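Chemist:
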Amino acid sequence: MRRFRALAFSRFSRYARGVTVALSTLLNALLGGVPSEPLSCRSARARRAGKRWGCLLCRFLDRIDPDHCERSIKWWEG
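Each position in the sequence shown, counted from 1, maps to that position plus 49 in my numbering.
Written out as structure tokens, the structure reads:
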């Protein structure tokens, strides 16, 4: 039973992550960003440029997932 729960959670976790990335990308496109770029990547670039909204959004995201914005921009840039 535990194996089943772990497998079900793993599948749900992958699904939830995919949905979250899709929503982030959609929101970024709606706000005028690059259509295929997640919002966290855009906010990391804005933070590097010293824009207040980028700093605030990255601070919020980094509380949920430490170093999220920097990892996002590294992933995006390759």
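For glycine and all other residues, C-beta sits at the position ideal for the given N, C-alpha and C. Note that the structure is predicted; figures quoted are calculated from it, not measured.
So the alpha helix (DSSP H) GLU126 belongs to, where does it begin and stop?
Modeler: From DSSP, the alpha helix (DSSP H) with GLU126 extends over 117-126.
Chemist: Which of helix, strand or coil does DSSP assign to VAL68?
Modeler: In this structure, VAL68 counts as helix in the three-state DSSP scheme.
Chemist: Give me, in chain order, the residues of the same chain whose beta-carbon lies closer than 7 Å to that of ASP114; leave out the 5 immediate sequence neighbours on both sides.
Modeler: Here the set comprises nothing.
Chemist: I need the straight-line Cα distance from LEU88 to ARG94, nearest angstrom please.
Modeler: Whole-angstrom Cα-Cα distance: 10 Å.
Chemist: From SER59 to ARG120, what distance separates their C-alpha atoms?
Modeler: Computed Cα separation, rounded: 22 Å.
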